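Student:
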Amino acid sequence: MAQDSTDWNTDDDLEFEIDNYKSSPPSSPLAATSSDEVFAQLIDMGFSPENIARAIEEHGPNADTMVIIDAISKYTVNSEPSSSKSKTIDHFLAMGFDEEKVIKAIHEHGEDNIEEIANALISSAVSDAAKAEISPTIKEEEDDIDWTESDDEKYAEFLSSDDEKVSDSPENGSKLRSLVDMGFSELEASLALERCGGNVSVGDLADFICAAQIAREFDEFHTEPEEHKPRFSAKKRRIESKRESRPSADDDPVRLPNPMIGFGVPNEPGLITQRSLPAIAHGPPYFYYENVALAPKGVWDTISRHLYDVLPEFVDSKYICAAARKRGYVHNLPISGRYQVQPPPKYTISEAFPLTKKWWPTWDKRTKLNCILTVNASAQLTNRIRLALEAHPGEPPEGTKKYVIDQCRKWNLVWVGKNKAAPLEPDEMETLLGFPRNHTRGGGMSRTERLKSLGNSFQVDTVAYHLSVLKPLFPFGINVLSLFTGIGGGEVALHRLQIPMKTVVSVEISLVNRNILKDFWEQTNQKGKLIEFADVQELSNEKIKELMKKFGGFDLVIGGSPCNNLAGGNRVSRSGLEGEQSCLFFEYCRILEVVRETTKEMRRS
DNA sequence: GAGACTATGAGTATAAAC
DNA sequence: GTTTATACTCATAGTCTC
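Under UniProt numbering, the residue at position 478 of the first sequence is numbered 478, and the numbers go up by one with no gaps.
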């Protein structure tokens with residue numbers, strides 16, 4: 001997928017070089033003679049001075065350079081996501097591949113050739129499984145193999161036939177043999193050939209089979225528990241919600257976790273890979289709903305109840321990037337096999353904005369920014385801060401420090417000069433939120449509108465981490481229904497994950513936001529189709545069914561409904577889910593229910 | 001009229017103190 | 001266990017300038 005027009009600013013080449021050193025230690029050219037030289041060499045290689053100093057301190061100034069590198073690699077893997085280890089290696093390690101094989105594959109195919117590396121690793125993993133006599137299990141399953149992945153719905157019928165489909169052409173015969181040699185069963189290989197056609201590479205075919213195998217692991221997801229009919233119609237839900245806006249005393253109210261890391265975040269302990277999902281919540285489609293974590297009491301109970309009793313996953317993005325963003329996510333996605341999108345975000349303020357380091361007062365201990373909101377501090381406030389500090393040429397008294405720090409925290413200010421605290425610029429917000437630079441710039445968007453749209457958007461790295469499990473499930477693309485799209489955080493996340501978007505039906509009320517998504521679609525050379533609606537209420541039940549029949553259904557329904565009446569910053573109309581804007585949550589429920597029902601109808605017919 | 005600028009707490013959770 | 005202190009929050013509305 002083309003990504004040329006986005007500015008991810010990666011330095012993978014340098015980091016791969018580091019790992020080449022690591023993987024070929026015997027003839028290492030790094031026979032430095034002094035710790036200063038070692039230090040300089042390592043700096044040149046891109047390691048951070050802090051990590052180098054730490055490693056030298058731990059292992060002594062005369063330690064072998066490779067020992068130092070190994071130590072630094074351990075720091076970066078175990079702690080911060082701004083790893084100086086190869087991001088490609090991290091990427092595949094996070095997917096669960098063996099490090100040795102990852103390094104070997106990178107050597108063989110070159111670090112830039114992600115697809116070939118993935119193919120090699122998948123082939124190797126399947127081959128290993130076959131050697132470990134896992135293949136007989138596959139063989140046993142062949143008779144009633146059930147690839148019920150929505151993208152592969154047609155397979156079920158095909159698979160249920162008794163005939164083995166083997167292509168006649170010599171080229172296909174060769175591909176089939178290759179796949180069998182890689183450890184796939186003959187039936188799986190021939191099915192893949194049949195489905196993908198003869199013009200697809202062996203690697204892609206292997207990818208396809210693996211995706212279907214993974215889909216089978218989530219077979220439960222695709223069961224249709226007939227006994228679990230929706231408890232309410234969409235209309236009835238809203239009435240019900242008024243009656244049950246607060247949980248009863250017997251209910252266990254939804255609580256925020258501490259630390260707020262959901263089922264786990266990259267580079268932090270506490271990862272959970274299993275959860276029990278209510279049977280009624282099983283899809284297809286997958287759904288992903290987002291809103292502010294700190295909503296009025298009872299709101300998340302109501303949201304959860306209306307989204308099939310799925311408990312929210314609360315995540316504060318400060319565990320993933322340099323800015324806090326406490327959000328709840330209700331979804332029915334698998335949670336095993338998540339990985340962090342590359343390149344990872346900067347983890348601290350100083351890493352995200354190195355130029356601020358020069359001016360950062362020692363008494364300002366912040367390493368993370370607070371939540372990015374929709375408005376900025378006034379010039380008068382930053383002037384008051386400047387005057388307060390200039391009144392004390394040396395270190396300011398405690399009272400002044402407290403005033404300044406309080407204001408910096410409240411308005412998310414960073415230090416851009418002597419005594420100069422300043423609010424974030426829109427492009428800095430884009431960086432923090434995981435969007436490409438200038439994503440919201442131009443196209444008729446005023447600065448005020450940029451701030452508002454960015455303040456309302458997803459933190460892309462967080463969402464991408466959750467959506468990463470879809471990558472192996474939809475190797476040939478995904479159909480997305482994107483509600484309350486905003487500036488396209490979900491779409492950017494899928495793009496950064498390199499999950500092809502076959503179709504995106506987007507609903508967004510703001511014209512400038514719709515234009516931003518359209519521009520993003522064109523600039524990233526998306527091959528799929530983008531269809532934009534302005535209002536969720538335009539999306540009638542009939543229209544949804546028509547779209548689904550046209551595009552073969554939706555694989556993912558994603559969106560975060562308006563938070564205006566839920567957000568803590570609203571001093572005027574924080575009226576909960578019944579508020580003028582936030583009540584659109586029930587439109588999300590309506591649309592999701594129609595998609596689910598129509599999906600079932602389509603699968604039956 | 002559009003956009004920029006500004007002032008405007010309360011609700012919630014958590015940590016600290018008792 | 002209870003009370004108190006502290007921290008944080010996808011915002012709204014009025015006013016001004018152009």
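Ideal Cβ placement from N, Cα and C applies to all residues, glycine included.
Nothing here was measured: the structure is a model prediction, and the numbers come from that model.
#1: If you draw a straight line from the C-alpha of residue 511 to the C-alpha of residue 303, how long is it?
#2: Give me whichever residues DSSP pairs with residue 289 in a beta bridge.
#3: Measuring straight from C-alpha to C-alpha, what distance separates residue 486 and residue 393?
#4: Helix, strand or coil for residue 390 per DSSP?
#5: Ordered along the chain, which non-local residues of its own chain (more than five positions away) have a Cβ less than 8 Å from that of residue 591?
#6: Which residue marks the beginning of the alpha helix (DSSP H) containing residue 464, and which one marks its end?
#7: Starting from residue 359, trace the alpha helix (DSSP H) both ways and give me its first and last residue.
#8: For a test of the three-state rule: what should DSSP assign to residue 273, helix, strand or coil?
#9: Does the beta-carbon distance from residue 292 to residue 566 come in below 8 Å?
#10: Starting from residue 490, trace the alpha helix (DSSP H) both ways and give me its first and last residue.
#11: Would you list the residues sitting across from residue 533 in a DSSP beta bridge?
#12: Measuring CA to CA, which of 407, 352, 580 and 410 is closest to residue 427?
#13: How big is the Cα-Cα spacing for residue 305 and residue 363?
#14: Taking 6 Å as the limit between beta carbons, can you name the residues of its chain near residue 271, skipping five residues before and five after?
#15: Residue 312 and residue 329 look like a contact to me (Cβ under 8 Å); what is the Cβ gap, rounded to whole Å?
#16: Tell me, to the nearest whole angstrom, how far the beta carbon of residue 321 is from that of residue 461; I am working on the premise that it is less than 8 Å.
#17: Measuring straight from C-alpha to C-alpha, what distance separates residue 276 and residue 550?
#18: What is the C-beta distance between residue 266 and residue 340, in whole angstroms, given that I count them as a contact (C-beta under 8 Å)?
#19: Would the beta-carbon of residue 385 fall within 8 Å of that of residue 412?
#20: Between 448, 259, 479 and 308, which has its C-alpha nearest residue 325's C-alpha?
#21: What is the DSSP secondary structure of residue 586, reduced to helix, strand or coil?
#22: Looking only at its chain, what residues have a beta carbon closer than 6 Å to the beta carbon of residue 502, apart from the 5 residues adjacent to it on each side?
#23: In the DSSP output, what is residue 314 paired with across the bridge?
#24: Going by DSSP, what residues sit across from residue 415 in a beta bridge?
#25: Which class does residue 214 belong to by DSSP, given the choice of helix, strand or coil?
Tutor: Let me lay it out:
#1: For the purposes of this step, residue 511 is taken as the residue at position 511 of the first sequence. For the purposes of this step, residue 303 is taken as the residue at position 303 of the first sequence. Straight-line Cα distance between these residues: approximately 28 Å.
#2: In the first sequence, the residue the question calls residue 289 occupies position 289. For residue 289, which the question treats as bridged, DSSP gives the partners 330 and 559.
#3: Along the first sequence, one-based indexing puts residue 486 at 486. Along the first sequence, one-based indexing puts residue 393 at 393. Distance between the alpha carbons of residue 486 and residue 393 is about 46 Å.
#4: Looking up residue 390 in the first sequence gives position 390. In this structure, residue 390 counts as helix in the three-state DSSP scheme.
#5: For this step, residue 591 is matched to residue 591 along the first sequence. Answer for residue 591: 481, 483, 536, 539, 544 and 557, listed in chain order.
#6: For this step, residue 464 is matched to residue 464 along the first sequence. Looking at the DSSP string, the run of the alpha helix (DSSP H) that includes residue 464 is 460 to 467.
#7: Here the question's residue 359 lines up with position 359 in the first sequence. Note, residue 359: premise wrong, no alpha helix (DSSP H); not H, not E.
#8: One-based indexing of the first sequence puts residue 273 at position 273. DSSP places residue 273 in coil when its eight states are reduced to three.
#9: Locating residue 292 in the first sequence gives position 292, where the first residue counts as 1. Locating residue 566 in the first sequence gives position 566, where the first residue counts as 1. Yes; because the gap between Cβ atoms is below 8 Å, this pair is in contact.
#10: For the purposes of this step, residue 490 is taken as the residue at position 490 of the first sequence. Per DSSP, residue 490 is one residue of the alpha helix (DSSP H) stretching across 489 to 496.
#11: In the first sequence, the residue the question calls residue 533 occupies position 533. Per DSSP, 507.
#12: Within the first sequence, residue 427 is the residue found at index 427, counting from 1. Minimum Cα distance to residue 427 is reached at 352.
#13: Locating residue 305 in the first sequence gives position 305, counting from the first residue. Locating residue 363 in the first sequence gives position 363, counting from the first residue. Each residue's Cα considered, the two are about 46 Å apart.
#14: The residue you call residue 271 lines up with position 271 of the first sequence. Hits under 6 Å: 264.
#15: For the purposes of this step, residue 312 is identified with residue 312 of the first sequence, where counting begins at 1. For the purposes of this step, residue 329 is identified with residue 329 of the first sequence, where counting begins at 1. The Cβ separation is near 6 Å, so the contact holds.
#16: Sequence index remark: in the first sequence, residue 321 carries index 321 (1-based). Sequence index remark: in the first sequence, residue 461 carries index 461 (1-based). Sure, about 6 Å apart at Cβ, within 8 Å.
#17: Position 276 of the first sequence holds residue 276. Position 550 of the first sequence holds residue 550. Taking the Cα positions, residue 276 is about 34 Å away from residue 550.
#18: In the first sequence, residue 266 corresponds to position 266, counting from 1. In the first sequence, residue 340 corresponds to position 340, counting from 1. Your pair residue 266 and residue 340 checks out as a contact, with CB atoms roughly 4 Å apart and the cut at 8 Å.
#19: Numbered from 1 along the first sequence, position 385 holds the residue referred to as residue 385. Numbered from 1 along the first sequence, position 412 holds the residue referred to as residue 412. No, they are not a contact pair.
#20: Along the first sequence, read from residue 1 onward, the residue named residue 325 stands at position 325. Across the set 448, 259, 479 and 308, the C-alpha of 259 shows the shortest separation from the C-alpha of residue 325.
#21: For the purposes of this step, residue 586 is taken as residue 586 along the first sequence, with counting starting at 1. Helix at residue 586.
#22: Looking up residue 502 in the first sequence gives position 502. Cβ within range, chain order: 477, 479 and 528.
#23: Indexing the first sequence from 1 puts residue 314 at position 314. DSSP, once it has assigned bridges, lists 328 as partnering residue 314.
#24: As a first step, residue 415 must be located in the first sequence, where it is residue number 415. Partner(s): 421.
#25: Along the first sequence, one-based indexing puts residue 214 at 214. Caution is warranted here: a pLDDT of 48 is assigned to residue 214, below 50, making its placement in the model unreliable, and no coordinate value can be reported.
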